[in-house]
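Student: Chains as they are written, first to last, in our numbering: chain C, 1219 to 1605; chain L, 7 to 366.
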Amino acid sequence: MRYYFDHNATTPVSAAVLEVLVPALLEVYGNASSIHQDGQLARQKLEIARGQTAALLHCDPKELVLLSGGTEADNLAILGSVRAHSRARKHVISTAIEHPAVLNPCRELEREGVEVTYVRVGSDGVVDPADIRRALRSETVLISVMHANNELGTIQPVEEISAIAREAGVLMHSDGVQAAGKISVDVKGLGVDLYSMSGHKFYAPKGVGALYVKNRTALRSIQFGGKHERERRPGTENVPGAIALGSASQMAANELLDESVRVVALRDRLERGILDRVPSAGVNGNTVRRTPNTTNIYFDGLEGEAMVISLDLKGFAVSSGAACSSGAVEPSHVLLAIGLTRERARASLRFSLGRSNTESQVDALIDAVAESASQLRHLSPTYVARS
Amino acid sequence: MSGGVDSSVVAGLLRRNGGSVVGLTMQLWNQRRLPELVPEGGATGRCCSLDDVYDARFVAQHLGIPYYVVNFEDRFERQVVRPFIDEYLAGRTPIPCTLCNNFIKFDQFLDLAAGVGASRIATGHYARVDWNETTGRFQLCRGLDCAKDQTYFLFGMTQEQLARTDFPLGGFTKPQVRELARELGLPVAEKPDSQEICFVPNGDYAAFIDAYFRERGIAPEQTRGEIVDTDGRVVGEHGGVHHFTVGQRRGLRVAAGEPLYVIATKPETQRVIVGRNQDLLRARLDAKQVNWISIAPISGPVRAQVKIRNKHEPADATLSPTSDAARVEIHFDEPQRAVTPGQAAVFYDGDLVLGGGWIE
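1) Alpha carbon to alpha carbon, what distance is there between L:LEU150 and L:ASP322?
2) Mind listing the chain C neighbours of L:GLY121? Cutoff is C-beta to C-beta under 9 angstroms, in chain order.
3) Express the C-alpha separation of L:PHE353 and L:ARG309 in angstroms, rounding to a whole number.
4) If we define contact as Cβ-Cβ less than 9 angstroms, is C:GLY1464 a contact residue for chain L?
5) Find the residues of chain L that neighbour C:GLY1545, judging by a C-beta separation of less than 7 angstroms, and give them in chain order.
6) Just the C-alpha distance for L:ARG126 and L:VAL28, rounded to the nearest angstrom, thanks.
7) Rounded to whole angstroms, what's the CA-CA distance from L:ASP136 to L:VAL296? Just pull it up for me.
8) Could you work out which residues of chain C lie near L:LEU118, taking near to mean beta carbons separated by less than 9 angstroms?
9) I'd like to know if the region 1420–1435 of chain C and the region 1290–1299 of chain C are in contact, where contact means that at least 3 CB-CB pairs between them fall below 8 angstroms.
10) Could you tell me whether the Cβ atoms of C:VAL1337 and C:ALA1314 are closer together than 9 angstroms?
11) Between which two residues does the alpha helix (DSSP H) harbouring C:ALA1555 extend?
12) Going by Cα to Cα distance, which pick from L:LEU360, L:ARG230 and L:GLU196 is closest to L:ASP61?
13) How would you list, in chain order, the residues of chain C whose beta-carbon sits under 7 angstroms from the beta-carbon of L:PRO193?
14) Tell me whether C:LEU1475 counts as near the ligand FAD, meaning its Cβ is closer than 8 angstroms to at least one heavy atom of that ligand.
15) So L:VAL234 and L:VAL240 are supposed to be a Cβ contact under 8 angstroms. How far apart are they, rounded?
16) Taking CB distances under 9 angstroms as the criterion, tell me whether L:LEU28 reaches chain C.
17) Taking CB distances under 9 angstroms as the criterion, tell me whether L:ALA49 reaches chain C.
18) C:LEU1360 touches chain L at which residues, Cβ-Cβ below 9 angstroms?
19) With DSSP collapsed to three states, give me the class of L:ALA61.
20) Can you say whether C:HIS1317 is buried or exposed, counting buried as having 16 or more other CB atoms within 10 angstroms of its CB?
21) Contact between the region 1434–1443 of chain C and the region 1465–1474 of chain C is defined here as three or more beta-carbon pairs at a separation below 8 angstroms; is this criterion met?
22) Taking L:HIS318 as the reference, give the member of L:ASN138, L:ASP155, L:THR229 and L:PRO303 with the closest Cα.
23) Listing by chain order, which chain L residues have their CB less than 8 angstroms from the CB of C:LEU1531?
24) Going by DSSP, what residues sit across from L:TYR218 in a beta bridge?
25) L:GLN67 touches chain C at which residues, Cβ-Cβ below 8 angstroms?
26) So, for L:ALA302: in the same chain, excluding its five sequence neighbours on each side, which residues have a beta-carbon less than 8 angstroms away from its beta-carbon?
27) Which class does L:ASP330 belong to by DSSP, given the choice of helix, strand or coil?
28) Within 10 angstroms of its Cβ, does C:THR1576 collect 16 or more other Cβ (buried), or is it exposed?
29) Is the beta carbon of C:SER1566 less than 9 angstroms from the beta carbon of C:ASN1511?
30) Less than 6 angstroms between C-beta atoms, sequence neighbours within five positions excluded: which residues of the same chain meet that for C:ARG1487?
31) Is C:LEU1284 near C:ASN1456, with beta carbons less than 9 angstroms apart?
32) Just verifying my parser: in three-state terms, what is the DSSP assignment at L:PHE109?
33) Determine whether the Cβ of C:TYR1221 lies closer than 9 angstroms to any Cβ atom of chain L.
34) Please name the residue in L:PRO341, L:THR275 and L:GLU232 whose C-alpha comes closest to that of L:ARG259.
35) Of all the options L:VAL206, L:THR271 and L:ASP58, which has the alpha carbon lying nearest to the alpha carbon of L:ARG39?
36) Taking the straight line between their C-alpha atoms, what separation do you get for C:GLN1258 and C:LEU1360?
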């Protein structure tokens, strides 16, 4: 029996989504740009799906660019908006705890001569809006701050930062990949100009996502081809993917409140259970401002990597740090950025819950974590030295 | 699992015997570091290259066993790469494989395996372990394939490590192992053997040391100096003592009537001393940090065959204890060529590995 506690990495496609996806793959095969009725059917289904997805973000469907996922959304938002600016000197503000899908487009811009400030965050894993304000320059053209952090689940003060951006006449992007579908998102209320989301983080399949682009926001394409998606994203529309995204969005919107109450209770039970049973453990980051499904716990003196393997062999999927290209685990840049030592960053595990998890699964996981920790600590010279 | 034939066959044999097997690959070195050393077209055929990890994962999938890559990069750099460099700069010729075996593979890796619930580890080394009832010790013996025997690199193993380690290839020859790989249907059956030092491309360790220093923004220790003969006459110049090892002939660029060889390197004076082949002969050496494997520490002279580098034919010698229990004096029956500080002296009684230490 496998118990899955890694929903921030990805989620399984839900049965309800599959029920609309499979017929769509079979029947909605037309090219949404074609004139004939097969094409028209595809176009119609695409626009319904766009509307359902827009409803989750509380935006106008016309403001939503459908694309392949979070990475593409972040690339288009950052590269597209900064390159659309004609001025010679440009400056971008982001943070040290962003996902690589934001950090690496920023590095690419640096290679193009754009200056980027990566604002540091406190030990709670939450950006201080005052630090963003201090980083502003007359050349600043874009601020990009994630909505929820993937490792810690910490929710960033996007609304306050958007107000700062608006006041300064600067565009505001937020990577909402870990927020959309988990917490309520209202892009108008947040005041952002650009917002990224990805379907597979909330029970749609991999390979589909969306970028909210506020009306009249200048954006230059980063790929070149046909005139799809209002000339913002070329390529034949992934209609079945969009249908699945729309269905998942609708389901998430309907169940958001009930599901977050249920998941918070499970998450807190897990956290309490682990902290009660395992010595020298603690929660990383702010425990109040965070997504309902995520907890990140350090186990001093242990290797998170060994814990992941040990738990996996017992049937539990959890995560530690970021996988490098070989598949080995590297210390998380997020945990290092909030001031953890390399040792403690390596000793941390992320548990991210979702629909499939139940109380009895959580209890089984607590037992397994306690058992693995004691097996590994029994052998850990660093722990013996410290205890 | 390195992604090579040997460790893949080990996994296949264990699986065939019905054991519960977990495949692990150690990520030891980031091949994208020191890009100046990476040949055009990438770093295939070296340790931890993505292709090798891909192969190991493919073998694990083929065998249907769980498989993980574990990150030992920090520890490998601290306990193998830096000591390796320090040894060269100190005028010695280190053996990184032995450091890795002593401090990574049969130490922290063994612990990690135990921690995730594996009671034993198995590796693709060509060596054998037996239990000797009479002495109450685990014994380490040479692999049956003399050409492939790897016990020279394993002399640091303790009784506790031997108790928890299997070398399933010890009774096979390399051609037999390849045959087994084919029999098991392993996708790596025809993969060529790997190189000697996994993290050093093309065996050019001096270029590696130079690149490592450049990466760290440290000016390489100013090791340029003079080449002098055994009488102290300056006969040439060199670009750093770490470019030389005892017994080396090439790279000296010194014109002389007869072939010249490196006799010693002296980092304190930055000098490389050269001489004739016969100047390389030594009848005795001192081994330090001696580890006894198959026998208890000796209390009187013991006859043995001693191997002073991996490709050396073991030579008859007498081992004598000294007042320091970790130090052994070795007298060869016949003087041996190029006794090299930093290499290991490993003591054999036939196939049995008695123990070994580091040459001073």
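All C-beta atoms, glycine included, are put in the ideal place defined by N, C-alpha and C.
Tutor: In short, the structure shows the following:
1) So the alpha carbons of these two residues sit roughly 21 angstroms apart.
2) LEU1520, GLU1521, ALA1524, MET1525, ILE1527, SER1528, SER1590, GLN1593, LEU1594, ARG1595, HIS1596, LEU1597 and SER1598
3) 9 angstroms
4) no
5) VAL59 and VAL75
6) 11 angstroms
7) 21 angstroms
8) GLU1521, GLU1523, ALA1524, ILE1527, LEU1594 and LEU1597
9) yes
10) yes
11) 1551–1555
12) L:GLU196
13) Those within 7 angstroms of L:PRO193 in chain C number zero; the least Cβ separation is about 18 angstroms.
14) Absence of the ligand FAD from the depicted structure is noted, as is the absence of any ligand whatsoever, leaving it without description.
15) 5 angstroms
16) This sequence places Val at residue 28 of chain L; Leu is not what is there. Chain C contact via Cβ: present.
17) Here the model assigns L:ALA49 a pLDDT of 49, short of 50, so the residue's position is not dependable, and the following value carries that caveat. With its beta carbon at least 9 angstroms from every one in chain C, L:ALA49 lies outside the interface.
18) Neighbours of C:LEU1360 on chain L: none; closest Cβ ~30 angstroms, over 9 angstroms.
19) Note on residue identity: the sequence assigns Asp, not Ala, to residue 61 of chain L. The answer is helix: DSSP assigns L:ASP61 an H, G or I state.
20) buried
21) Touching, no.
22) L:ASP155
23) VAL28, PRO72, VAL122 and GLY123
24) L:TYR218 pairs with nothing; no bridge assigned.
25) Here the premise fails: no neighbours, minimum Cβ distance about 13 angstroms.
26) THR141 and ARG143
27) Of the three classes helix, strand and coil, the one that applies to L:ASP330 here is coil, per DSSP.
28) Counting of Cβ neighbours within 10 angstroms places C:THR1576 among the exposed residues, the total staying below 16.
29) no
30) VAL1580
31) yes
32) helix
33) Taking CB atoms only, C:TYR1221 has no neighbour in chain L less than 9 angstroms away.
34) L:GLU232
35) L:VAL206
36) 38 angstroms
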